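Numbering (our numbering), first residue to last: 94 to 302. Note that CB positions come from ideal geometry on N, CA and C, so glycine has one too. Source: prediction; values computed, not measured. Working notes, structure below.
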């Protein structure tokens, strides 16, 4: 299987690329700068902007599935549109090219997972620093849900850089969930696993330790 990874130069994206290659997938990474992505050993690098339909069409040609781990920095005041714009463009290109399988990372606090991040996240971090980002994550998820794709939306709890420990909990019933944390390595493993299973098709599991 040949896959396209968006957000491949981010901390989680790099792990996704390496894990996918280790599992035998052929990986294409759409990156802003090939020079800054030379360490993505084994991946085919295509230079371009994820919001550009021409660049996306070039990168996705011949692929069977897409993983999006696009992220954006905190933006307390400035409107955020990167995630939703890139995702709408991606959905259009995938539908045009008859590529149906999309796995997309958003985060705890998006959609109906809002209010399950715990006191600090829900009352301070999200409204003060992440509100604009999560408004765009909501638009991103809406674009995916409105598509004809076979999608899985993955919502990790707060990410850390600890070693993978496995035993990931994937939940859609969030009653009793008030925050949590998970290693990027475990997120990457879970996301790559979704390429070979339909367990979470058309669902948005929250994943945590």
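With H, G and I counted as helix, E and B as strand and the rest as coil, what does DSSP make of residue i?
i, result
"residue 288", "helix"
"residue 97", "strand"
"residue 175", "helix"
"residue 296", "strand"
"residue 248", "strand"
"residue 165", "coil"
"residue 206", "helix"
"residue 353", "Look at the range of the chain in this structure, 94 to 302, and you will see that residue 353 is not part of it."
"residue 215", "helix"
"residue 170", "coil"
"residue 199", "coil"
"residue 221", "helix"
What residues are listed by DSSP as bridge partners for residue i?
i, result
"residue 253", "276"
"residue 123", "99, 139"
"residue 194", "158, 243"
Take the Cβ of residue i as the centre, count every other Cβ of all protein chains shown within 10 Å, and call the residue buried at 16 or more, exposed below.
i, result
"residue 220", "exposed"
"residue 112", "buried"
"residue 147", "exposed"
"residue 188", "exposed"
"residue 294", "exposed"
"residue 181", "buried"
"residue 102", "buried"
"residue 290", "exposed"
"residue 222", "exposed"
Between which two residues does the alpha helix (DSSP H) containing residue i stretch?
i, result
"residue 113", "104-115"
"residue 231", "224-238"
"residue 128", "Note, residue 128: premise wrong, no alpha helix (DSSP H); not H, not E."
"residue 147", "146-153"
Taking the beta strand (DSSP E) that residue i belongs to, which residues open and close that run?
i, result
"residue 263", "262-264"
"residue 299", "299-301"
Is the Cβ-Cβ distance between residue i and residue j less than 7 Å?
i, j, result
"residue 273", "residue 301", "yes"
"residue 298", "residue 265", "yes"
"residue 281", "residue 109", "yes"
"residue 152", "residue 139", "yes"
"residue 195", "residue 242", "yes"
"residue 210", "residue 248", "no"
"residue 253", "residue 278", "no"
"residue 168", "residue 100", "no"
"residue 226", "residue 178", "no"
"residue 257", "residue 184", "no"
"residue 229", "residue 149", "no"
"residue 234", "residue 203", "yes"
Could you check whether the Cβ of residue i sits closer than 7 Å to any Cβ belonging to chain D?
i, result
"residue 160", "No chain D appears in the structure shown, which is made up of a single protein chain."
Beta carbon of residue i: closer than 6 Å to some heavy atom of the ligand ADP?
i, result
"residue 219", "Among the components modelled here there is no ligand, and therefore nothing to report on the ligand ADP."
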